[in-house]
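See structure below.
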Amino acid sequence: MQDIHDLLSNTLSLTSRKLIGSFVTKVNESYELLFSSAGDAIIVRTEELVRLRAGGKPRIIGANLKTQRLLRVSLLSLNTLKGYRETNDHVLLNYALRLVQEFMPKRDNVDPPFYGALSDSISNESRFCTVPYRHERPRLKWDALSSFEERSVARGKTYSSIRRRENRATDRLNDADIKLINLWANDNEQKLTRSDLSSEYSKTLSRFKRYIYARMAEKFVAEFYEKQLSVKANDVSILQLGGQDSRWKTHDIEADTLIDVKNATVFSSNRRRHNYFDKFKSVDEMDVAIAGVLSDANGPRYEKGIRQTLLGLVTRRDVVDATDAVNALPDRLFPVTVHFETGYIPAWAFELAEYTPDYEVLYEWAVILARKPETIMSLAIACGRHRECDVYPALSESQRGLVDRFALAVSRSSYRKLTIALFSISEFINSVAQGKDGAAVIRFLRRMISIEDFTDWPRTITVPYSGLVLSGSRQLKIGDEYEIYVDCPGGDAGCLYDPTNSIKDLLSMLEQCGEQIASSGMTFCHFDAPSPYMLLGKTDLGERLTIYTYCGGRSKSGFRCDNFPLSFGKHANCRTCGRLICDECGFCSERCVARPGDSGAKF
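Going by this note's numbering, the first residue of the sequence shown is number 185, and it counts up by one from there.
Right, dumping it as structure tokens:
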């Protein structure tokens, strides 16, 4: 009788003919059989096992033939497994042989439970699994997922945005829209005409631009709901022309919720804070959601018209829930008393729920596929499973405390950029007030919301457009692919939709402020965050200083400056009022008696 070990060896090594591309090719395949401490038979590819042992991969994928599940195999977990030649338990070996014989004919099958993950002749695009979204996104790998969604890759991260390009007012606005714009402008002397829309030299056009972009934003949001989300969106704003229906006073669109569209226009390449709304509204005790749209009048020359980007939606309840969740955390020295009803709201307050993944499903895949431990930890926090994560015990006591607080805030509110931002501000001011390194806290928190890109998007792609070439970051190398293609791009904001990188920018600003505070040697006893764009501090010596803020002055042309961020250490503090001095217009504070030219000295 042939030795059971030899039978297993022959079954685990084979030569097969497979169709690769358009050619039938001989493929030599080799697998290794391992046993867990519980006696489960686990199969891995021999080539991958060699790479793991040589340090060429952080982990490989195995298949548990008993439980019929994929699993992650690392060097650490490999130490708990033993090869089939290390056991003489014939009952166990015969049972494993039967499981291997059942597995081998199915190893290239891309269906569950193994998705073809241990096949060496099928591309990972074929080995596909879906992470559910409230809105089922099209399964495409590059550029235009639809007429609205765009994706791009930078530094190994994938960024998604909901945009309207080729967006010309003359094409988008009809006669009723022009009539509505004239009603908004309330100008008896000047009226917008269709010829003004098509003329680049119209003197009238500049007078009406803010109204034109606002109306285009309303139509953009309504069209996105109908064409992308398949949700009926009624245009309520246009009812102003009838003079009888008053619903337009509280909202612009009726979809699956009431929506008030607010547009902010960018005329400069510099960062600015943007005015989105005057106050939150409600109708019959139902919150009206604010939809933020960013209109960029300085898009690339090859784009005709204005580029508009949907930032998402936010309600009063979202703000209250996130603020309460953060301020109710234990050992908070100061509440985060951010007031959003001041006409300004940051991009990180908006969310697009339809583009938020099912974190439970994504976490399960990350446990198997992730190459970076912070990815697993980030997703564990998002779905409330951080304490069962293998990464959690390896953290320091202070790091576990931060993770626990973050997860608690998420559980009391929701996993959204608003919660992340307010928690980051709260952790920053509490750590600095306790004499800790605020920059280090922010750097760790950044890792806790960083998720690798499972999609293997092309790292370099050329798209010819009127002679122009657009490029990504790096060429995808053979062997870089994940074993299974997961239709969820990663990012720097926990897989949340963040088209302007608002969370990344906020954390970068807080980190820089923390570094400047540490290098200054100053210690702070109190902080106040009255605005999403402002943080004030009081030193132990009683000095009141601005940590970061926006410019409240005006440019020479009379427009609000709104330069942001002005930050501690990077910009000068006024000797008289302690506020930061704008490097563009010289403004510090409204009531400061010092002249801008006399007020510049860093503390």
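Virtual Cβ for every residue (Gly too), placed ideally from N, Cα, C.
Just the Cα atoms here: how many angstroms apart are residue 597 and residue 412?
By one-based count along the sequence shown, residue 597 stands at place 413. By one-based count along the sequence shown, residue 412 stands at place 228. Answer to the nearest angstrom: the Cα atoms are 27 Å apart.
Between 618, 272 and 589, which has its C-alpha nearest residue 604's C-alpha?
As a working note, residue 604 is residue 420 in the sequence shown. Checked all of 618, 272 and 589; the closest Cα to residue 604 is 589.
Considering only C-alpha positions, which residue in the set 243, 714, 539 and 189 is nearest to residue 270?
Residue mapping note: residue 270 aligns to position 86 of the sequence shown, counting from 1. Selected option, being the one with the closest Cα: 189.
How far does the beta strand (DSSP E) with residue 721 in it extend, from its first residue to its last?
As a first step, residue 721 is located in the sequence shown; it is residue number 537 there, counting from the start. Residue range 718 to 723 is occupied by the beta strand (DSSP E) that includes residue 721.
8 Å Cβ cutoff, residue 532 in contact with chain B
Here there is only one protein chain, and chain B is not present.
In three-state DSSP terms, what is residue 634?
Position 450 of the sequence shown holds residue 634. DSSP, read as helix, strand or coil, puts residue 634 in coil.
Leaving out five residues before and five after residue 705 in sequence, what residues of the same chain have Cβ atoms less than 8 Å from its Cβ?
Within the sequence shown, the letter at position 521 stands for residue 705. There are no such residues.
Minimum C-alpha distance to residue 281 - residue among 268, 529, 393 and 292:
Numbered from 1 along the sequence shown, position 97 holds the residue referred to as residue 281. Nearest C-alpha to residue 281: 268.
Opening and closing residue of the alpha helix (DSSP H) in which residue 190 lies:
Position 6 of the sequence shown holds residue 190. For residue 190, the enclosing alpha helix (DSSP H) covers residues 188 to 196.
Let me know the secondary structure DSSP gives residue 437 once reduced to three states.
Here residue 437 is taken as the residue at index 253 of the sequence shown, counted from 1. Correct three-state label for residue 437: strand.
In angstroms, rounded to a whole number, what distance separates the CA positions of residue 738 and residue 773?
On the sequence shown, position 554 is the one that residue 738 refers to. On the sequence shown, position 589 is the one that residue 773 refers to. Straight across, the Cα-Cα distance linking residue 738 with residue 773 is about 11 Å.
Could you tell me the alpha carbon to alpha carbon distance between residue 471 and residue 437, rounded to whole angstroms?
As a position in the sequence shown, residue 471 is number 287, starting the count at 1. As a position in the sequence shown, residue 437 is number 253, starting the count at 1. The C-alpha of residue 471 lies about 13 Å from the C-alpha of residue 437.
Quick check on DSSP: helix, strand or coil for residue 161?
No statement about residue 161 is possible, as the shown extent of the chain runs from 185 to 787 and does not include it.
Residue 297 - containing beta strand (DSSP E), residue span:
Reading the sequence shown from its first residue, position 113 is the one you call residue 297. DSSP places residue 297 in no beta strand (DSSP E); its state is neither H nor E.
Give me the Cα-Cα distance between residue 630 and residue 416, rounded to the nearest whole angstrom.
The sequence position of residue 630 within the sequence shown is 446, counting from 1. The sequence position of residue 416 within the sequence shown is 232, counting from 1. Rounded to whole angstroms, residue 630 to residue 416 spans 38 Å at the Cα level.
Report yes if the CB atom of residue 521 is closer than 8 Å to the CB atom of residue 716, and no otherwise.
Here residue 521 is taken as the residue at index 337 of the sequence shown, counted from 1. Here residue 716 is taken as the residue at index 532 of the sequence shown, counted from 1. No, they are not a contact pair.
Under the rule that 16 or more other beta-carbon atoms within 10 Å means buried, what is residue 275, buried or exposed?
Taking the sequence shown and counting its residues from 1, the one referred to as residue 275 is at position 91. Residue 275 sits exposed, since fewer than 16 C-beta atoms from the chains shown fall within 10 Å of its C-beta.
Runs of 4 residues minimum, wholly inside the stretch 231 to 277: which ones carry the alpha helix (DSSP H) assignment?
You should have 259 to 262.
How should residue 637 be labelled, buried or exposed, when 16 other C-beta atoms within 10 angstroms of its C-beta is the threshold for buried?
Along the sequence shown, one-based indexing puts residue 637 at 453. Sixteen is the threshold: when 16 or more other Cβ atoms of the shown chains lie within 10 Å of the Cβ of residue 637, as they do, the residue is buried.
Would you mind sorting residue 549 into buried or exposed? The rule is 16 or more other CB atoms within 10 Å of its CB.
Taking the sequence shown and counting its residues from 1, one reaches residue 549 at position 365. Buried, since its Cβ has 16 or more Cβ neighbours within 10 Å.
In the DSSP assignment, find the unbroken beta strand (DSSP E) run with residue 431 in it and report its ends.
Start at 1 with the first residue of the sequence shown, and residue 431 comes out as number 247. No beta strand (DSSP E) holds residue 431; DSSP gives it neither H nor E.
Straight-line gap, residue 199 to residue 213 (C-alpha atoms, nearest Å):
What you label residue 199 is simply residue 15 of the sequence shown in a count that begins at 1. What you label residue 213 is simply residue 29 of the sequence shown in a count that begins at 1. So the alpha carbons of these two residues sit roughly 6 Å apart.
Along the alpha helix (DSSP H) that carries residue 360, what are the first and last residues, could you check?
Stepping through the sequence shown from its first residue, residue 360 is reached at position 176. Element bounds for residue 360: 359 to 369.
If you pair each beta-carbon of the stretch 389 to 397 with each one of the stretch 357 to 377, do three or more pairs fall below 8 Å?
Touching, yes.
Who pairs with residue 752 in a beta bridge, going by DSSP?
The residue labelled residue 752 in the question sits at position 568 within the sequence shown. Under DSSP, residue 752 forms a beta bridge with 755.
I want to know whether the stretch 761 to 769 touches the stretch 735 to 749 - three or more CB-CB distances under 8 Å.
They touch, by the three-pair rule.
Rounded to whole angstroms, how far is the Cβ of residue 450 from the Cβ of residue 480, which I believe are closer than 8 Å?
Within the sequence shown, numbered from 1, the residue matching residue 450 stands at position 266. Within the sequence shown, numbered from 1, the residue matching residue 480 stands at position 296. Contact between residue 450 and residue 480 holds, with the beta-carbon distance rounding to 5 Å and staying under 8 Å.
Quick one, are the C-beta atoms of residue 245 and residue 254 less than 8 Å apart?
Numbered from its first residue, the sequence shown carries residue 245 at position 61. Numbered from its first residue, the sequence shown carries residue 254 at position 70. The answer is yes: Cβ separation under 8 Å.
Residues of its chain near residue 583, where Cβ-Cβ distance is below 7 Å and the 5 sequence neighbours each way are ignored
Reading the sequence shown from its first residue, position 399 is the one you call residue 583. For residue 583, where only same-chain residues beyond five positions count, the Cβ hits under 7 Å are 628.
With distances taken from CA atoms, which of 217, 286 and 531 is nearest residue 682?
Position 498 of the sequence shown holds residue 682. Out of 217, 286 and 531, 531 has the C-alpha closest to the C-alpha of residue 682.
Would you check if the stretch 754 to 762 and the stretch 722 to 730 touch, i.e. whether three or more CB-CB distances between them fall below 8 Å?
Yes, since at least three Cβ pairs between the stretch 722 to 730 and the stretch 754 to 762 fall closer than 8 Å, the two stretches touch.
Classify residue 294: buried if its beta carbon has 16 or more other beta carbons within 10 angstroms, exposed otherwise.
The residue labelled residue 294 in the question sits at position 110 within the sequence shown. Label assigned to residue 294: buried.
Is the separation between the beta-carbon of residue 502 and that of residue 602 shorter than 8 Å?
Translated into the one-based positions of the sequence shown, residue 502 becomes position 318. Translated into the one-based positions of the sequence shown, residue 602 becomes position 418. Yes, these two residues count as a Cβ contact at 8 Å.
Residue 523 classed as buried or exposed, judged by whether at least 16 other C-beta atoms fall within 10 angstroms:
As a position in the sequence shown, residue 523 is number 339, starting the count at 1. Label assigned to residue 523: exposed.
For residue 266, does the count of other Cβ atoms within 10 angstroms reach 16, so buried, or fall short, so exposed?
Taking the first residue of the sequence shown as position 1, residue 266 is located at position 82. That one is exposed.
Straight-line Cα distance separating residue 500 from residue 541
Translated into positions along the sequence shown, residue 541 becomes position 357. Translated into positions along the sequence shown, residue 500 becomes position 316. Straight-line Cα distance between these residues: approximately 23 Å.
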